[in-house]
Each structure stands twice: as structure tokens, then as C-alpha cells.
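To keep things clear, I will list the structure first and then write my remarks on it.
2 protein chains.
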Amino acid sequence: MANVKTADCFQALSDPSRREILLMLSKEKQNINAIADSFDISRPAVSKHIKVLYDAGFITITAQGRERYCELNQQGFDELKEWISFFEAYWTKRLKQLDTFLKTKHAKPKK
Amino acid sequence: MANVKTADCFQALSDPSRREILLMLSKEKQNINAIADSFDISRPAVSKHIKVLYDAGFITITAQGRERYCELNQQGFDELKEWISFFEAYWTKRLKQLDTFLKTKHAKPKK
DNA sequence: ATATTATGTAACTTTTAAGTTACTCAAATG
DNA sequence: CATTTGAGTAACTTAAAAGTTACATAATAT
């Protein structure tokens, strides 16, 4: 049952610290303590954020001895992209409507 | 000072009701009460959600008499897309690394 | 003009999220 | 093997979101 998303990706991204963590991980793989060092909040608080990001499919965690290295995971990002792409259809439709409007109602400008 | 985003788009999307509202608006323009009728929560609660979505740039509101019609606004969605596209670079980099690895270390498969 | 309808907002409560400290445990290290 | 280090978690506090009811106001309808 590894790598199964159990949390909401939108909820996961609503916290600025979590987005910051993702940004850090886009630069390099890091273990929990290294991540925590970059924040003002306590290590356990960071630990919780990591769990949320993991549960939402934004990171993978690999144990190396007692250290746990975090890396970005495409899954969460994909889910987000999918959501957005649903709305792309809306904008496409809107553009088509505008186009039709311009062609039928304003085919001949009054000048 | 119209249409200036004052709230965080991620925070706005973290609530399921608000995402549901966006989904409804992708089907048709609706006024506040019409939206509220589709939800179990009270009308003022919906009113607040609408405000959050507006502040985050996800919808526009047009008054028609005493009614206020809500429509999707591209701005919020664009902000989200921009955020995601930043991370696209990460995956591109990862792919390139993998490619290089395969070419240099495994140019000749052992079989 | 009165009644009704669409909406906003203030004041408050409830729920949820985020943070903290204190403790635990297992892996590394002297 | 005693100590240090990296990390998880439980119990609790604090802070922020989400919801409610009650009230206000302006536009429409009767």
C-alpha cells in the first residue's frame, strides 16, 4: 500500500510553509532535519508538514539509515494539473462564444 | 481598485465547497442565492466563500439590480498554472539526468 | 407605501489546523 | 556500551476557518 494518496492536494498546498518545502526540494533532496533548519517553526511541526505533503502525493520519502530523505513526487502535481485542465475547457468555450458573437453580430462594422 | 487579488489562491482552493462552486460556475453564470441553494450550508456561509473566491481572483461579480452574478475569472487559474509550471522545470531536469545516466553508465547492457 | 427578495455583515460558536513541549526509539559514533 | 543524532508521536495550546443566527439595506414587486 505504498504511495497511495490519502490527503487532499489542495489542502496540502494551502499552507505557505508546505509550499516553501516543495520549493526547497525542487533544488535538492533533503532529510527532515535539514528542512527543519530552514524554518523558524519547530522540528516536529516540520515533520507534520512533511507527512501532509507525503499523504497528498507531493513527495516521496526514502530512509537511509536513520535519515529520511524527501524528494518531489509527480503524483500530487499531476492531480493539480488535471484539475486545472478541466477548467481549460471553460475558457476554450468562452473564446469560441466570443468568436461567434463577433462574427455574427459585428460582421460589418458600422463605419 | 477593481479586480486586484488580495487573497491566496491556494488557500481559496483548500475548501471543497469553494471548489464545488467553481465547478458549478464552469457550467453557468449564477447569482449568490442560486449558488447557495445547491449547498447544505447557510446562505451567509456561501456568501463568504464567494468573497474568498473573488479576493483570490477566481471569479468576477457583476451586479444586475439587486442580484450579483458570479462568473469564472482566469486570473486565479493562471496564478495556479504559473506555480505548477515552475515545477515543470524540475521534472524536465530529472528526465535529463536519467537520460544521461542511462547513456553513460549503461550504454552497453550486460547481456 | 408596503412587502418581498437578494444580498452583506457583525457577533458569536464550533471545528480544524498549526504549533509547542516532552517523550520515545532506533541508528550511528566515540 | 554510553552518547549523540534523526526522527515520530502523543498531549496539549493557540490560532484561524467555517459555520450560524440575527440584523441591515437596497432593489423589485404588489
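Residue numbers (full-length UniProt numbering), protein chains in the order written: chain A, 1 to 111; chain B, 1 to 111. We treat Cβ as the ideally placed atom computed from N, Cα and C, and that holds for glycine.
- Residue state for T92 (chain B) is assigned as helix, using DSSP reduced to three classes.
- A Cβ-Cβ distance of about 6 Å is found for the pair I35 (chain B) and V46 (chain B), placing them in contact under the 8 Å criterion.
- Straight through space, the alpha carbons of T92 (chain B) and F39 (chain A) are spaced by roughly 28 Å.
- At a cut-off of 7 Å between beta-carbon atoms, Q97 (chain A) makes no contact with chain B.
- Three or more beta-carbon pairs separated by less than 8 Å are not found between the region 2-22 of chain A and the region 71-78 of chain B, which leaves the two stretches without contact.
- For a Cβ distance threshold of 9 Å, residue set F87, Y90, W91, R94 of chain B lies close to L72 (chain A), ordered along the chain.
- Distance from I21 (chain A) to H49 (chain A) at the Cβ level is roughly 6 Å; contact confirmed, criterion being Cβ atoms closer than 8 Å.
- If you look at A45 (chain A), you'll find it in the alpha helix (DSSP H) that goes 43-55.
- Judged by their CB atoms, F86 (chain B) and F77 (chain A) are not nearer to each other than the 7 Å cut-off.
- Using a Cβ-Cβ cut-off of 7 Å, F77 (chain B) counts as an interface residue toward chain A, since at least one Cβ of chain A sits closer than that to its own.
- By the Cβ neighbour-count rule, S14 (chain A) is buried, with 16 or more other Cβ atoms within 10 Å of its own.
- DSSP places A63 (chain B) in the uninterrupted beta strand (DSSP E) bounded by 59-64.
- Within the DSSP secondary-structure output, L72 (chain A) pairs in a beta bridge with A:I59.
- For the pair R94 (chain A) and Y54 (chain A), the Cα-to-Cα distance works out to about 37 Å.
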